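Residue numbers (this note's numbering), protein chains in the order written: chain A, 2 to 461; chain B, 2 to 461.
Worksheet: one structure, shown below.
Number of protein chains: 2
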Amino acid sequence: MRAIAVLAGVAALATAGGPAAAEDLAAGAAAVRDRALADGVAWSLVESLTTEIGPRPTGSPAQARARDWAVAKLTALGFQNVRAEPFEAEAWVRGVERAEVVAPFPQPLRVLGLGRSVSTPKGGITAEIALFGSLDELIALPPGALKGKIAVVSQAMTRTMDGAGYGAVNRNRTQGAAEASRRGAVAYLVRSLSTDDTRLPHAGAMRQAEDAPAIPAAALSVPDAQLLERMVARGQPVRVRLVLESRSIAKTPAWNVVGELPGRERPDEVIVVGGHLDSWDPGTGAIDDGAGLAITTAAAKLAGEGGRRRTIRVVMWGAEELDDSGEAYAAAHAAEAGKIVVVGESDTGAGPVWQARLPKGSPEHPAMKAFVAALAPLKVVVSRDPAGPGGSDIADLVKLGTPSVNLTPDTSRYFDLHHSADDTLDKIDPRALAQSVAVWASFLYTVAASDIDFRALRTP
Amino acid sequence: MRAIAVLAGVAALATAGGPAAAEDLAAGAAAVRDRALADGVAWSLVESLTTEIGPRPTGSPAQARARDWAVAKLTALGFQNVRAEPFEAEAWVRGVERAEVVAPFPQPLRVLGLGRSVSTPKGGITAEIALFGSLDELIALPPGALKGKIAVVSQAMTRTMDGAGYGAVNRNRTQGAAEASRRGAVAYLVRSLSTDDTRLPHAGAMRQAEDAPAIPAAALSVPDAQLLERMVARGQPVRVRLVLESRSIAKTPAWNVVGELPGRERPDEVIVVGGHLDSWDPGTGAIDDGAGLAITTAAAKLAGEGGRRRTIRVVMWGAEELDDSGEAYAAAHAAEAGKIVVVGESDTGAGPVWQARLPKGSPEHPAMKAFVAALAPLKVVVSRDPAGPGGSDIADLVKLGTPSVNLTPDTSRYFDLHHSADDTLDKIDPRALAQSVAVWASFLYTVAASDIDFRALRTP
């Protein structure tokens, strides 16, 4: 391993001044990969962020501490042009929350308010629930059918490695309250979008209706949703009391924190990768998305240290959870969008990466062949499908024509933890984290050391 | 299976009026076992208790509802002499609780106050923590060494199938605060006695020192204890703010709920089995101990229906968690203790039972051989060690000379859930529950249908 790494370093040096030849790229990518597998930077970053900062939602005092942490870490790791790019973001701040069944079987329920929920009136809301097995059952009802009720959608989520299970139920959280309000409901509860069975609800954002009253909305833990199902099955009306307090802030300061390893030959050609710095409040933002920014930062350092042909830029997006940081980043960088070679975000956990979706038309290019060769021992499948938009932090850049890459972790366990108090450091497997770093580092190396032009490869 | 059951029924009938012969006992025990494996009574009991009553700590309004539930269920199942035997118990009622690190790395902590904790002063306690890897490290300190500090013991618990892991760290929760107070600490935090990694603390009782001030005490979730370890490792003083409110009640009404299936030949010879009806407040008391009372009640019904030689009595002890119901039961029944053939409690979860510890000297008795034969397909190991006292609800009877039996479930998963919000119905595997019922039912049958005298077998 060590011998290979040394040889590869020599090969990389030998090509300074011009793009690396295919065999040099392959050796260089393999060397970067092997260094990544033994590297501790990603772990130390996510360990530091979760320990020293913890939860850091937009609008919290921790948000500014996280910004300062990010600037300090990127600087200490040798990144250049480190800066916090300001923008304005929406914030939603949780207050007191509680819920209980008041009849016929009084007992407490565990809930977490959803982002953009409104507060209940003083004293809370007490109402009969109307429980549905899916959002479609609710949508099938006519206007007024839920008048005065607390609507509950209790659909279970399927565990999948590709996130499809989340995609299938995501609208229960994001759109359920709006649909319930349109039918007269006074509040909305959704079974957490969770594949686990712990008594911890999973937070997340929702959208209020524009054509119906904004209503309070919360997620139930999975066992609490099952409890309501069993109560409802007994045939008597089930009454729930819900107290939700929160504060919405239309505009608050936020920052995308950036650092670069400038290219030596083509510094204006920029590869943009990162994760997001903000997190939901119940956990410590370990897998969402401390891991993502740690993986991409460590990978960038390994791939770009000493300078490649092109610039590698790490972005720690500052307000992903309510979808603001990607739009702000694209708006601020629209002028250079044409020079961004490729953009990618790691925002579905700590790995292992199981699939690579490459920019359209690129898998046969020698540079991508070098990358794919480096993937072989990492157990990554190269998809026949080209990369998609890849999440809210990079989708706006992709709309501007920037090519994207998707290096997607196995999410089988991600949605046990996502947006819940269980999003803590101990859930990260250091070996899986290192594998993710190796995948990203190999990719960044091959693109930064070559002249591959993904835009030119798009034509059918 | 069905044919065997019918034959065994005939065999049992044939012996009415005298103790069943060894071969009849074996056939009868096997038949009861097989009916148990297909029986739904235990599941329906624990499903009902967790859904319709939920958490039911001593001193709560749910406690009386649980008593009424128990009386109604035993009556509906055909038990006779159903009654709620009153006694007085201690209670501890949780109030507002919260904790946070205030410096150097502010973030919230998840805690649950321990039973018998006192409240913090208005505004809480803010103090530097002193963290220990074991209680012995704390005990090694001289008086005054923890003056003004919040002592923290963060010892991990080992997962074992026999409960030994719990036994090894139990005193961290029960005695830690007293030891900390003796050394000047103002509050005490213990890493939850948990084998899981969820962000849910595990409650439980503690004892205040009699020779030092009573102090506030709480359990941290496992990830929170690990978080404090990582903060302390950075070398700066870590300050924590703790708010714990609670109310202690010296004497409150409680009830042991009892039902019997009277013996036809020797009704005054009584087999006493059961579980406890009270629970901790964070969960719904599914595995602790809805499962135990469901298992023993269902087993008693299967084993005793129609009447055996001896009486089978089910006791749902009413105040186990602060150790009051066993003492009360033994005091009320001291006069008949000599006629109690054997006593057993199921109070370590929903199975499967992996080990049977029989009364001393009994394994070679024909009745116990019949029971052991019935165990064969149930994968239960018969221990070479005789039964021990078996927990606080029956230990006082055992002190009076009553023989005991231990039919012990595999606790590998029990301490993931025990005393936490995760103690919910979904954690029970119906097949394991049925296996437990089969073990208990086979035991109850062989003892109730025979004249085995465990006291007479004790002599070496």
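Glycine is no exception: its CB is placed at the ideal position from the N, C-alpha and C atoms.
Just so it is clear, the structure is predicted and the values come from calculations on it, not from any experiment.
A374 (chain B) versus A234 (chain B): straight-line alpha-carbon distance, rounded: What you label residue 374 (chain B) is simply residue 373 of the second sequence in a count that begins at 1. What you label residue 234 (chain B) is simply residue 233 of the second sequence in a count that begins at 1. When rounded, the distance between both Cα atoms is 56 Å.
Let me know the secondary structure DSSP gives E230 (chain B) once reduced to three states. Residue mapping note: residue 230 (chain B) aligns to position 229 of the second sequence, counting from 1. It is helical.
Assign Q64 (chain A) to one of two classes, buried (16 or more other C-beta atoms within 10 Å of its C-beta) or exposed (fewer than that). Within the first sequence, residue 64 (chain A) is the residue found at index 63, counting from 1. So Q64 (chain A) counts as buried.
Hey, is the stretch 441 to 453 of chain B in contact with the stretch 129 to 137 of chain B, meaning 3+ C-beta pairs nearer than 8 Å? no
Anything in the stretch 51 to 62 of chain A with a Cβ closer than 8 Å to a Cβ of chain B? List those residues in chain order, please. Going along the stretch 51 to 62 of chain A in chain order, one finds T51, T52, E53, I54, G55, P56 and P62 with a Cβ nearer than 8 Å to chain B.
Assign V343 (chain B) to one of two classes, buried (16 or more other C-beta atoms within 10 Å of its C-beta) or exposed (fewer than that). Locating residue 343 (chain B) in the second sequence gives position 342, where the first residue counts as 1. Its Cβ being crowded by 16 or more others within 10 Å, V343 (chain B) is buried.
Minimum C-alpha distance to R311 (chain B) - residue among B:P268, B:I288 and B:E337: Locating residue 311 (chain B) in the second sequence gives position 310, counting from the first residue. When each option's Cα is compared against that of R311 (chain B), the closest is B:P268.
Compute the Euclidean distance between the alpha carbons of M232 (chain B) and A226 (chain B), then round it to the nearest angstrom. Locating residue 232 (chain B) in the second sequence gives position 231, where the first residue counts as 1. Locating residue 226 (chain B) in the second sequence gives position 225, where the first residue counts as 1. If I take the Cα positions, the gap works out to 10 Å.
Of the choices B:I296, B:P378, B:L26 and B:I151, whose alpha-carbon is the least far from that of A351 (chain B)? Position 350 of the second sequence holds residue 351 (chain B). Checked all of B:I296, B:P378, B:L26 and B:I151; the closest Cα to A351 (chain B) is B:I296.
Hey, how far is the Cα of S326 (chain A) from the Cα of K340 (chain A)? Locating residue 326 (chain A) in the first sequence gives position 325, where the first residue counts as 1. Locating residue 340 (chain A) in the first sequence gives position 339, where the first residue counts as 1. S326 (chain A) and K340 (chain A): Cα-Cα distance of roughly 20 Å.
Anything in chain E within Cβ reach of M232 (chain B), meaning under 9 Å, just list it in chain order. Chain labels in this structure do not include chain E; the protein chains are A and B.
Is any beta-carbon of chain B found at less than 8 Å from that of Q227 (chain A)? Against the first sequence, residue 227 (chain A) aligns to sequence position 226. True, the Cβ-Cβ gap to chain B drops below 8 Å.
Pick from B:E180, B:S249, B:S45 and B:R240 that is closest to V119 (chain B), judged by C-alpha positions: Within the second sequence, residue 119 (chain B) is the residue found at index 118, counting from 1. Nearest of B:E180, B:S249, B:S45 and B:R240 to V119 (chain B), Cα basis: B:S249.
Which of helix, strand or coil does DSSP assign to T297 (chain A)? Looking up residue 297 (chain A) in the first sequence gives position 296. Reduced to three states, the DSSP call for T297 (chain A) is helix.
Counting only Cβ pairs nearer than 9 Å, list the residues of chain A close to D198 (chain B). Translated into the one-based positions of the second sequence, residue 198 (chain B) becomes position 197. Correct list: D423, T425, D427 and K428.
Does Q156 (chain B) pass the burial test, meaning 16 or more other C-beta atoms within 10 Å, or should it be called exposed? Residue mapping note: residue 156 (chain B) aligns to position 155 of the second sequence, counting from 1. Classification for Q156 (chain B): buried.
Residue burial classification, P56 (chain A) (beta-carbon count within 10 angstroms, cutoff 16): Indexing the first sequence from 1 puts residue 56 (chain A) at position 55. P56 (chain A) comes out buried.
Against F463 (chain A), what residues of chain B qualify as contacts under a CB-to-CB distance less than 8 Å, listed in chain order? Outside the modelled stretch of chain A, which goes from 2 to 461, sits residue 463 (chain A), for which no answer is possible.
With K252 (chain A) as the anchor, note down where its beta strand (DSSP E) starts and where it stops. The residue labelled residue 252 (chain A) in the question sits at position 251 within the first sequence. Element bounds for K252 (chain A): R240 to L262.
Measuring CA to CA, which of A:A165, A:M158, A:E129 and A:T161 is closest to K148 (chain A)? Here residue 148 (chain A) is taken as the residue at index 147 of the first sequence, counted from 1. Comparing Cα positions, the closest option is A:E129.
For the beta strand (DSSP E) containing E101 (chain B), list its first residue and its last residue. Stepping through the second sequence from its first residue, residue 101 (chain B) is reached at position 100. Looking at the DSSP string, the run of the beta strand (DSSP E) that includes E101 (chain B) is Q81 to A104.
R68 (chain B) at chain A interface by Cβ criterion, 8 Å: The residue labelled residue 68 (chain B) in the question sits at position 67 within the second sequence. Not one chain A Cβ lies under 8 Å of R68 (chain B).
What residues from chain A crowd round L201 (chain B), counting only those whose CB sits closer than 9 Å? Translated into positions along the second sequence, residue 201 (chain B) becomes position 200. Simply T199, R200, L201, A422 and D423.
Classify A9 (chain A) as buried or exposed, calling it buried when 16 or more other Cβ atoms lie within 10 Å of its own Cβ. Here residue 9 (chain A) refers to the residue found at position 8 of the first sequence. Since pLDDT at A9 (chain A) reaches only 45, below the 50 mark, its modelled position is unreliable, and no value is offered.
Mind checking if P431 (chain A) is an interface residue toward chain B, Cβ cutoff 8 Å exclusive? Within the first sequence, residue 431 (chain A) is the residue found at index 430, counting from 1. Not a single CB atom of chain B sits nearer than 8 Å to the CB of P431 (chain A).
Starting from E270 (chain B), trace the beta strand (DSSP E) in both directions and tell me its first and last residue. Position 269 of the second sequence, counted from the start, is the residue given in the question as residue 270 (chain B). Segment R267 to H277, the beta strand (DSSP E) holding E270 (chain B).
Check whether the Cβ atoms of R456 (chain B) and P390 (chain B) sit closer than 8 Å, and answer yes or no. Residue numbering aside, residue 456 (chain B) sits at position 455 when the second sequence is read from its first letter. Residue numbering aside, residue 390 (chain B) sits at position 389 when the second sequence is read from its first letter. Not a contact, by the Cβ cut-off of 8 Å.
Work out the CA separation of K361 (chain B) and P283 (chain A) for me, nearest whole Å. Along the first sequence, read from residue 1 onward, the residue named residue 283 (chain A) stands at position 282. Along the second sequence, read from residue 1 onward, the residue named residue 361 (chain B) stands at position 360. So the two alpha carbons sit approximately 52 Å from each other.
If I'm right that P217 (chain B) touches A188 (chain B) with Cβ under 8 Å, what's the distance once you round it to whole angstroms? As a first step, residue 217 (chain B) must be located in the second sequence, where it is residue number 216. As a first step, residue 188 (chain B) must be located in the second sequence, where it is residue number 187. Their Cβ separation, rounded to whole angstroms, is 5 Å, which keeps P217 (chain B) and A188 (chain B) in contact under 8 Å.
For E48 (chain B), would you say it is in contact with chain A, using Cβ-to-Cβ distances shorter than 8 Å as the test? Within the second sequence, the letter at position 47 stands for residue 48 (chain B). At least one chain A Cβ lies under 8 Å of E48 (chain B).
Backbone secondary structure at V33 (chain A) - three-state DSSP: The residue given as residue 33 (chain A) occupies position 32 in the first sequence. V33 (chain A): helix per DSSP, three-state reduction.
Let me check understanding here. Comparing Cα to Cα, which of A:V381, A:S347 and A:L278 lies closest to Q356 (chain A)? In the first sequence, residue 356 (chain A) corresponds to position 355, counting from 1. Among A:V381, A:S347 and A:L278, the Cα nearest to that of Q356 (chain A) belongs to A:V381.
Does R34 (chain B) get closer than 8 Å to chain A when you measure Cβ to Cβ? The residue you call residue 34 (chain B) lines up with position 33 of the second sequence. Judged by the 8 Å Cβ criterion, R34 (chain B) is not in contact with chain A.
Taking Cβ-Cβ distances shorter than 9 Å, what residues in chain A pair up with R84 (chain B)? Reading the second sequence from its first residue, position 83 is the one you call residue 84 (chain B). The premise fails here: R84 (chain B) is roughly 25 Å from chain A at the closest Cβ pair, so nothing lies under 9 Å.
Taking the straight line between their C-alpha atoms, what separation do you get for A320 (chain A) and R242 (chain B)? The residue you call residue 320 (chain A) lines up with position 319 of the first sequence. The residue you call residue 242 (chain B) lines up with position 241 of the second sequence. Going by the C-alpha atoms only, they are around 29 Å apart.
Cβ closer than 7 Å: which chain B residues qualify as neighbours of P224 (chain A)? Here residue 224 (chain A) refers to the residue found at position 223 when the first sequence is read from its first residue. Per Cβ cutoff of 7 Å: T425 and D427.
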